[in-house]
Ligand SMILES: NC(=O)c1ccc[n+]([C@@H]2O[C@H](COP(=O)([O-])OP(=O)(O)OC[C@H]3O[C@@H](n4cnc5c(N)ncnc54)[C@H](O)[C@@H]3O)[C@@H](O)[C@H]2O)c1
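Residue numbers (our numbering): 40 to 293.
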């Protein structure tokens with residue numbers, strides 16, 4: 040019996056990287072996992088991995104930027120499983136670009152995925168959580184949202200916005216026994232990091248990130264999953280509105 044046995048959890052962007060590791064770990068802890076992603080084949084492959092580890096779940100194709108699609112996806116999950124116990128807002132996207140080179144199309148896409156996505160999924164699950172008088176919402180922000188990150192201005196703004204959203208939801212929803220917390224990864228070894236640090240400067244950028252990190256390595260997706268499991272577990276029932284960096288000491292909050 041895992042610590043999350045019998046729970047239903049949604050993980051967005053779970054076909055790859057950090058989301059995949061979160062889905063696999065929550066599955067190991069006994070939760071039934073809705074693996075949500077734009078990449079349907081990738082989501083199915085993660086469900087197979089969960090099943091081969093002894094867990095269970097289902098794959099759902101949804102674009103986090105489309106509120107109608109998100110509502111439809113949550114309805115399907117609630118019909119199959121009852122209320123959602125745990126929502127992990129993880130889907131994210133960015134490219135490194137100086138602010139002076141950004142276009143309106145670019146920032147609209149960054150805002151839609153990184154900020155509207157968590158708003159959409161949180162709004163879609165919250166009615167069921169209120170009815171159920173419990174729930175845990177965990178959003179993946181970034182150390183970029185706490186301290187800034189050159190070349191990631193609008194993305195960092197969205198990640199800071201996730202923190203403000205989560206602290207406010209934590210206050211509003213506490214009376215329903217719903218907790219809302221944030222995990223901020225530092226640079227983490229995933230396809231996202233390879234993409235944003237691509238090109239000839241990529242290796243140098245990663246090297247500089249590692250040198251700036253007291254624990255002298257990139258995060259592994261599994262490091263982030265451990266923090267998410269804590270916030271999802273009964274051990275964190277009295278913890279809400281909190282922001283936890285998992286970044287080898289790269290940033291240290293006051
Ligand atoms: N990797 C890092 O260094 C790092 C650092 C800090 C924060 N983060 C954050 O962690 C989260 C996961 O990042 P990752 O590194 O695992 O990225 P990744 O690119 O490996 O995976 C992201 C997943 O999100 C999915 N996705 C993208 N847009 C979507 C949409 N509109 N609807 C549904 N799914 C969508 C992708 O298909 C992909 O499977 C993101 O929120 C990212 O901002 C990552």
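Glycine included, each C-beta is placed from N, C-alpha and C at the ideal position.
Just so we're clear, the structure is a prediction, and the values are computed from it rather than from any experiment.
Return helix, strand or coil for residue i, following the three-state DSSP convention.
i, result
"residue 176", "strand"
"residue 259", "coil"
"residue 56", "helix"
"residue 290", "coil"
"residue 77", "coil"
"residue 21", "A question about residue 21 goes unanswered here, because the residues of the chain that appear run from 40 up to 293."
"residue 272", "coil"
"residue 123", "coil"
"residue 72", "strand"
"residue 91", "helix"
Over the uninterrupted alpha helix (DSSP H) stretch that includes residue i, give me the two end residues.
i, result
"residue 146", "143-150"
"residue 171", "156-171"
"residue 208", "192-212"
"residue 118", "106-120"
"residue 186", "183-186"
"residue 244", "241-251"
"residue 235", "230-235"
Which two residues bound the contiguous beta strand (DSSP E) that contains residue i?
i, result
"residue 99", "95-100"
"residue 135", "From DSSP, residue 135 is part of no beta strand (DSSP E); its letter is neither H nor E."
"residue 220", "217-224"
"residue 283", "282-285"
Please classify residue i as buried or exposed, where buried requires at least 16 other C-beta atoms within 10 Å of its C-beta.
i, result
"residue 261", "exposed"
"residue 207", "exposed"
"residue 68", "buried"
"residue 66", "buried"
"residue 80", "exposed"
"residue 212", "buried"
"residue 198", "buried"
"residue 254", "exposed"
Mind reading off the beta-carbon distance from residue i to residue j? Whole number of angstroms is fine, and I expect it under 8 Å.
i, j, result
"residue 57", "residue 218", "Their Cβ separation, rounded to whole angstroms, is 20 Å, which puts residue 57 and residue 218 out of contact at 8 Å."
"residue 156", "residue 124", "Residue 156 to residue 124, Cβ: 20 Å. No contact."
"residue 286", "residue 182", "5 Å"
"residue 201", "residue 184", "7 Å"
"residue 74", "residue 53", "4 Å"
"residue 122", "residue 167", "4 Å"
"residue 225", "residue 247", "About 13 Å separates the two Cβ atoms, so there is no contact after all."
Within a Cβ cutoff of 7 Å, which residues of the same chain sit near residue i, ignoring the five residues on either side of it in sequence?
i, result
"residue 103", "51, 109, 130, 152, 156, 159, 160"
"residue 88", "63"
"residue 163", "109, 110, 113"
"residue 120", "47, 71"
"residue 117", "123, 167"
Enumerate in chain order the residues of its own chain whose CB-to-CB distance from residue i is below 6 Å, with the five nearest sequence positions on each side excluded.
i, result
"residue 290", "182, 185, 186, 284"
"residue 205", "178, 219, 221"
"residue 270", "177, 220"
"residue 99", "73, 75, 112"
Less than 8 Å between C-beta atoms, sequence neighbours within five positions excluded: which residues of the same chain meet that for residue i?
i, result
"residue 133", "149, 153, 191, 194, 231, 235"
"residue 172", "215, 216"
"residue 26", "Here the chain has residues from 40 to 293 only, and residue 26 is not among them."
"residue 263", "57, 60, 61, 179, 222, 224, 227, 285"
"residue 84", "54"
"residue 170", "122"
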